[in-house]
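Take a look at the structure set out below.
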Amino acid sequence: MISKLPQIGHSIFTKMTAMANEVQAINLSQGFPSFYPDEKLVAYLQKHIQNGKHQYAPTSGIPELRSALSHRYGYHPEKEITVTTGASEALFCAITASVNPGDEVIVFEPCYDLYVPAILLQGGIPKFIKMNFPEYKIDWDFVEKSITGKTKVILINTPHNPTGKVLQEEDLKALIHIAEKHPEIIFISDEVYEYITFDEHKHLSLAKYPQLRERTFVCSSFAKTYHITGWKTGYCLAPPRLTEELRKIHQYITFCNFTAAQYALADYISESDSHLTLSKFYEAKREVFLNKIDQNLFGILPSQGTFFQNLVFKTPTSLCDTEISEILTRKAKIASIPISVFYQDGTDHKVLRFCLAKEDEILTEAVQRLNQAH
Ligand code: PMP
Ligand code: GLN
């Protein structure tokens with residue numbers, strides 16, 4: 001059989017979590033919380049499982065959940081909201097719906113690992129634009145110059161994994177300018193960390209700007225917002241003409257997703273404001289992690305959002321970041337993610353990504369181990 005993705009192996013998250021488990025390292029690599037979700041949410045799930053919510057849900061999601069999401073985001077519950085199997089499936093469907101063979105997709109590097117394989121599977125051509133290191137700013141003039149007659153999609157991710165960059169008003173203005181100049185371009189906006197921003201930074205959704213909203217798939221998830229990465233429940237917000245196309249694909253990829261989880265989330269999000277305190281929660285964790293880090297050994301890169309903190313490995317070495325990350329996992333027993341894997345050409349600034357979604361004691365222990373590892 002001819003491979004459709006000959007260059008692609010196991011994801012870095014699978015690889016580093018397996019390594020962390022193998023050597024019993026503290027796993028700050030793959031992004032998932034070590035703590036439980038709100039017990040009320042778990043109780044709702046139990047209730048709906050006990051009450052017999054075991055069969056298929058409607059393909060676009062149960063009306064109760066779409067209505068709760070409509071309340072939150074102002075999208076039409078029937079025509080503009082689709083519940084998906086995590087943001088992953090939302091992104092996959094949005095890419096599949098938009099990209100035809102030969103279409104170019106602008107992707108900003110470093111980029112989350114799902115985008116490129118999804119684009120390639122549709123015969124699309126990823127056009128990589130690097131965010132400037134170390135501020136990870138986007139040069140919008142360069143973006144504009146990179147647009148060709150074949151550019152079909154611009155893929156946005158804010159707050160951005162793996163850099164923690166949060167797009168600002170000036171970035172959104174640049175996007176609006178591009179949208180106005182190029183009415184054929186579709187935006188896919190990955191906003192899974194929408195409720196985790198730090199300091200003065202605020203999340204600006206593409207959905208807030210009418211010129212962008214009318215041609216954007218906003219993909220998000222309950223995973224990070226409610227500490228439930230294993231529930232694999234997310235959603236896509238998009239105007240009717242885009243939603244219609246997305247749903248055609250969604251219905252044949254999964255048809256629908258976990259029914260009881262949808263009922264539990266519908267109950268929970270109608271009454272809970274816990275997402276509004278998430279930024280402060282993770283800001284405090286970032287503080288615990290950074291407070292004692294030895295800055296002679298690790299340079300701190302700004303994290304404006306997400307639940308990741310990036311550190312530059314400062315000790316002079318000829319090792320690349322993947323080797324450093326492996327040595328830290330095996331010897332110091334701290335697993336991280338090397339950022340070079342998120343670049344097509346393996347650009348290596350010796351930056352490692354650490355997940356902050358752990359109990360404070362775990363983060364404190366992790367810092368001690370890092371400070372002793374050189
Ligand atoms: N996009 C980004 C940037 C992510 O970090 C993740 C991981 N949560 C996803 C998409 C996938 O989200 P989900 O787990 O809801 O599929
Ligand atoms: N989004 C998670 C991360 O960035 C990983 C999800 C996955 O394992 N696919 O760590």
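Residues in the sequence shown are numbered consecutively from 1, following the UniProt record's numbering. We put the beta carbon where it would ideally sit given N, CA and C, even for glycine. This structure is a prediction, so every number in the text was calculated from the model and none was measured.
Checklist entry - Beta carbon of S161: closer than 8 Å to some heavy atom of the ligand GLN? => result Locating residue 161 in the sequence shown gives position 161, counting from the first residue. Per the sequence presented here, residue 161 reads as Asn, with Ser not at that position. Checking every heavy atom of the ligand GLN against the Cβ of N161, one is found closer than 8 Å.
Next on the checklist: Please report whether the beta-carbon of P6 lies at a distance below 9 Å from any beta-carbon of chain C.
Outcome noted: As a matter of chain content, chain C is missing from the structure shown, which is built from one protein chain.
Next on the checklist: Considering only DSSP beta bridges, list what D190 is partnered with.
Outcome noted: Along the sequence shown, read from residue 1 onward, the residue named residue 190 stands at position 190. Per DSSP, N157 and C219.
Next on the checklist: Shorter than 8 Å, the distance from the beta carbon of F222 to the closest heavy atom of the ligand GLN, or not?
Outcome noted: Position 222 of the sequence shown, counted from the first residue, corresponds to residue 222. No.
Next on the checklist: Let's test the definition: count the other Cβ atoms within 10 Å of the Cβ of Q304 and tell me whether it reaches 16, buried, or not, exposed.
Outcome noted: Along the sequence shown, one-based indexing puts residue 304 at 304. It is buried - the Cβ of Q304 has at least 16 other Cβ atoms within 10 Å.
Next on the checklist: Distance check for L121 and E89, CA to CA, integer angstroms please.
Outcome noted: As a working mapping, residue 89 is identified with position 89 in the sequence shown. As a working mapping, residue 121 is identified with position 121 in the sequence shown. Between E89 and L121, the C-alpha separation is close to 14 Å.
Checklist entry - Terminal residues of the continuous alpha helix (DSSP H) containing E89? => result In the sequence shown, the residue the question calls residue 89 occupies position 89. G86 to S98 is the extent of the alpha helix (DSSP H) around E89.
Next on the checklist: So for residue 381, helix, strand or coil by DSSP?
Outcome noted: The first residue shown for the chain is 1 and the last is 374, placing residue 381 beyond what the model contains.
Next on the checklist: Am I right that K333 and A18 are in contact with their C-beta atoms under 8 Å? What's the rounded C-beta distance?
Outcome noted: Here the question's residue 333 lines up with position 333 in the sequence shown. Here the question's residue 18 lines up with position 18 in the sequence shown. The Cβ separation is near 15 Å, so there is no contact.
Checklist entry - DSSP on G230, reduced to helix/strand/coil? => result Taking the first residue of the sequence shown as position 1, residue 230 is located at position 230. When secondary structure is reduced to three states using DSSP, G230 falls in the helix class.
Next on the checklist: Looking at the secondary structure, which residues open and close the beta strand (DSSP E) in which V312 lies?
Outcome noted: Here the question's residue 312 lines up with position 312 in the sequence shown. The continuous beta strand (DSSP E) containing V312 extends over residues F308 to F313.
Next on the checklist: Am I right that A366 and L28 are in contact with their C-beta atoms under 8 Å? What's the rounded C-beta distance?
Outcome noted: Here residue 366 refers to the residue found at position 366 of the sequence shown. Here residue 28 refers to the residue found at position 28 of the sequence shown. About 6 Å; that satisfies the 8 Å criterion.
Checklist entry - Under the criterion of a Cβ to heavy atom distance below 8 Å, does L311 qualify as lining the ligand GLN? => result The residue you call residue 311 lines up with position 311 of the sequence shown. No, the Cβ of L311 stays beyond 8 Å of every heavy atom of the ligand GLN.
Checklist entry - With a cut-off of 8 Å, do at least 3 Cβ pairs link the region 182-197 to the region 219-234? => result Yes, the region 182-197 touches the region 219-234.
Checklist entry - Are at least three pairs of beta-carbons, each pair with one atom in the region 345-355 and one in the region 322-337, less than 8 Å apart? => result Two segments are said to touch when three or more pairs of C-beta atoms, one from each, lie closer than 8 Å; by this definition the region 345-355 touches the region 322-337.
Item to check | P110: first and last residue of the uninterrupted beta strand (DSSP E) it sits in | outcome: Within the sequence shown, numbered from 1, the residue matching residue 110 stands at position 110. Note, P110: premise wrong, no beta strand (DSSP E); not H, not E.
Checklist entry - Taking the alpha helix (DSSP H) that R213 falls in, what are its first and last residues? => result Residue mapping note: residue 213 aligns to position 213 of the sequence shown, counting from 1. Counting along the chain, the unbroken alpha helix (DSSP H) around R213 starts and ends at P210 to R213.
Checklist entry - Quick one: what does DSSP say Y235 is sitting in, helix, strand or coil? => result The count along the sequence shown starts at 1 and reaches residue 235 at position 235. Strand, per DSSP.
Checklist entry - Mind checking G124: buried by the 16 CB within 10 Å criterion, or exposed? => result Sequence index remark: in the sequence shown, residue 124 carries index 124 (1-based). When all chains shown are included, G124 counts as buried.
Checklist entry - What span of residues does the alpha helix (DSSP H) with R66 cover, start to end? => result For the purposes of this step, residue 66 is taken as the residue at position 66 of the sequence shown. From DSSP, the alpha helix (DSSP H) with R66 extends over P63 to Y73.
Checklist entry - Within this structure, are the beta carbons of F289 and L363 separated by less than 9 Å? => result Position 289 of the sequence shown, counted from the first residue, corresponds to residue 289. Position 363 of the sequence shown, counted from the first residue, corresponds to residue 363. Yes, the pair counts as a contact, with Cβ atoms nearer than the cut-off.
Item to check | beta-carbon L41 near the ligand PMP non-hydrogen atom, thresh 8 Å | outcome: On the sequence shown, position 41 is the one that residue 41 refers to. Checking every heavy atom of the ligand PMP against the Cβ of L41, none is found closer than 8 Å.
Checklist entry - Any heavy atom of the ligand GLN closer than 8 Å to the Cβ of Y136? => result Counting from one through the sequence shown, the residue named residue 136 turns up at place 136. No - the ligand GLN has no heavy atom lying nearer than 8 Å to the Cβ of Y136.
Next on the checklist: As a quick exercise: from P110, P77 and G31, pick the residue whose alpha carbon is nearest that of Q344.
Outcome noted: Locating residue 344 in the sequence shown gives position 344, counting from the first residue. Nearest of P110, P77 and G31 to Q344, Cα basis: P110.
Item to check | Outcome for S270 when other beta-carbon atoms lying within 10 angstroms are tallied against a minimum of 16 | outcome: Stepping through the sequence shown from its first residue, residue 270 is reached at position 270. So S270 counts as exposed.
Next on the checklist: I'd like the span of the beta strand (DSSP E) that includes I339, first residue to last.
Outcome noted: Residue mapping note: residue 339 aligns to position 339 of the sequence shown, counting from 1. In this chain, I339 is not harboured by any beta strand (DSSP E), its DSSP state being neither H nor E.
Item to check | Whole-angstrom distance between G61 and T243, CA atom to CA atom | outcome: By 1-based counting over the sequence shown, the position of residue 243 is 243. By 1-based counting over the sequence shown, the position of residue 61 is 61. Cα to Cα, the separation comes out at about 13 Å.
Checklist entry - In angstroms, rounded to a whole number, what distance separates the CA positions of V143 and K130? => result Residue 143 sits at position 143 when you count from the first residue of the sequence shown. Residue 130 sits at position 130 when you count from the first residue of the sequence shown. Rounded to whole angstroms, the gap between the alpha carbons of V143 and K130 is 10 Å.
Checklist entry - Is the distance from the Cβ of L301 to the Cβ of P134 below 9 Å? => result On the sequence shown, residue 301 is found 301 positions in, with the first residue counted as 1. On the sequence shown, residue 134 is found 134 positions in, with the first residue counted as 1. Yes.
Item to check | Residue range of the unbroken beta strand (DSSP E) whose run includes R353 | outcome: As a first step, residue 353 is located in the sequence shown; it is residue number 353 there, counting from the start. V351 to C355 is the span of the beta strand (DSSP E), which, as asked, contains R353.
Next on the checklist: Using a Cβ-Cβ cutoff of less than 7 Å, which residues in the same chain neighbour I249 once the five nearest sequence positions on both sides are dropped?
Outcome noted: To locate residue 249, count along the sequence shown from 1; it is residue 249. Here the set comprises C93, T96 and A97.
Checklist entry - Taking just the CA atoms, how far does E323 sit from Y75? => result As a working mapping, residue 75 is identified with position 75 in the sequence shown. As a working mapping, residue 323 is identified with position 323 in the sequence shown. Cα to Cα, Y75 sits roughly 46 Å from E323.
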